[in-house]
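Comments concern the structure below.
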Amino acid sequence: MLAATLPEHSNDGYVAAAYIVFLAIVLIYVAIMAVRLGRVQRKVEELRGDTDTGRLARARESASEEEPSTHTFQGANPGGRGPRAEGEGKEREKV
Amino acid sequence: MRSPSLRALSISTVAAFCVALSLVFFYAPIEAEEGFLQKIFYLHVPLAIVTLAGFVIGGLMAIAHLRTRDARWDLRSYVAIHMSLIFGAAALVTGSIWARASWGHWWVWNEPTLVSFLIVFLLYATYQPLRFAIEDPERQARYASVFAITAGAFVPLNFIAVRLSASYVHPRVLGGSSNLPAPMMLTFLVSLAAMALLFATLYSYELAAKRTRILLKARSRILGFQ
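Chains as they are written, first to last, in this note's numbering: chain W, 9 to 103; chain X, 40 to 265.
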C-alpha cells in the first residue's frame, strides 16, 4: 500500500532495507524485554507461592505448639491467620 | 513497570514516529542528487546523534555516581550505555546500507566519520565485558564509572574529527555548511525528536526492568528463598 503511493526509484530496496533493519532491531529488543518480563513475573509468582507456603507451614507449626486457648483465637480468624500472619502482612507491605 | 509516565512516554513515542514517518515519506521533498535514497538520512543521522548523546549522558551519570556514591546513578549510566550500544549498532547497519547504495561500498575505511564512530562504538562494546569481569559490586560500579567517563571524553572527539577531516565523502549534517531546505530540516528535527523519545522510552523500560529484578533478588534473599 505504501509502495503504491511512493515514487519508484532504483534505490527503493536499500531504503526499505534500512527501515526494516531498524524496525527489526527495535522488535527484537522489545521481544527480549517481553521474555525478561515474563521471567520476572514467574519469579514473583514463585516468590508469592513460597511466601504463602512458608506462612502456612509456620501457622500450622505455631498452631500445634500453642495452647488450646490460642486455637480458639485462631478459629476466630477466617483463613487460620493468627498474630504471626499479621506480622508477615507488615513484612509484605514493605516489599 | 506500569507507571502512568511510562505509558505517556510510550504513547508519545509512537505518535512522534507516526508523524516523523509521514513527514519522511509524504512531506519531505526528494533530494536532487541522491533521490529517494536520501530518505535513509532521516533514520541514520538521528540514530547516530542519539547514540553519541546517550554515551555522553552515560558518562555524566557516571560522574554523578562517583560524586555521590549512589548506586542508582551507576545503574542509570549502565542502562544509558547499554541502550546507546543498541542504537549504535542500528546506526552502523543503516549507515552501511546507505553507503552501499550511495558509494558502492559497505564501508569506507579512509572516511574519518565512519571510522571514528566505529572506534567509539567498539570502545563502548568493551564496557560490559569489563564491567562483568569484576566480581565485587562496589569495585565493579566504580571501575565502570571511570570507564564511562573516560570513554565519554572520546565522543566529542568524534565530532571534532569530522569537522577537522580533509576527506569529505561523508556529508556534513550539522554546522555552518549544512543548508537543508526548510521542509527537510523540519522532517529531520521531528525524526530526531522521535528517535530521542524512543531512546528515552526504551531506557525507562530497561531501567524499570533492571530495578525490578534487583529488588526481587534482594527480597528473595531477605525472605531466604535463594
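In this text, a Cβ means the ideal position worked out from N, Cα and C, and glycines have one as well.
Opposing strand residues paired with residue i [DSSP bridges]
i        : result
X/Glu245 : For X/Glu245, which the question treats as bridged, DSSP gives no partner whatsoever.
Which of helix, strand or coil DSSP assigns to residue i
i        : result
X/Gly74  : strand
X/Ser259 : helix
X/Ala67  : coil
X/Pro151 : helix
X/Trp137 : helix
W/Ser72  : helix
X/Gly11  : Given a span of 40 to 265 for chain X in the structure shown, any question on residue 11 of chain X remains unanswerable.
X/Leu219 : coil
X/Asp109 : coil
X/Ser44  : helix
Distance, residue j Cα to residue i Cα
i        : j        : result
X/Tyr182 : X/Ala128 : 24 Å
X/Tyr66  : X/Ile158 : 35 Å
X/Ala308 : W/Leu55  : Residue 308 of chain X is absent from the model: chain X starts at 40 and stops at 265.
X/Ala233 : X/Thr165 : 28 Å
W/Asp20  : X/Phe75  : 7 Å
X/Arg46  : X/Ser243 : 10 Å
X/Gln167 : X/Ala119 : 12 Å
X/Lys249 : X/Glu177 : 17 Å
For residue i, the nearest candidate out of the options (CA to CA)
i        : options                               : result
X/Arg260 : W/Arg68, W/Ser72, W/Asp58             : W/Asp58
X/Leu153 : X/Val63, X/Met100, X/Ile199, X/Asn218 : X/Ile199
X/Pro222 : X/Ala190, X/Thr251, X/Glu70, X/Val194 : X/Glu70
X/Leu99  : X/Met122, X/Ser116, X/Thr90, X/Glu73  : X/Ser116
W/Tyr27  : X/Ala54, X/Leu62, X/Tyr81             : X/Tyr81
X/Lys78  : X/Ala92, X/Ser123, X/Gly134           : X/Gly134
Cut-off 7 Å between Cβ atoms - residues of its own chain near residue i, not counting five sequence neighbours on either side
i        : result
W/Glu69  : none
X/Thr240 : Leu48, Ser49, Thr52
X/Ile88  : Leu231
Cut-off 6 Å between Cβ atoms - residues of its own chain near residue i, not counting five sequence neighbours on either side
i        : result
X/Leu225 : none
X/Phe56  : Ala233
Residues near residue i by beta carbon distance below 8 Å, same chain, minus five either side
i        : result
X/Ile102 : Ser184, Ile188
X/Pro68  : Pro220, Pro222, Met223
X/Glu245 : Val118, His121, Met122
Residue i at chain C interface by Cβ criterion, 7 Å
i        : result
X/Phe238 : Structure shown: chain C not included; protein chains present are W and X.
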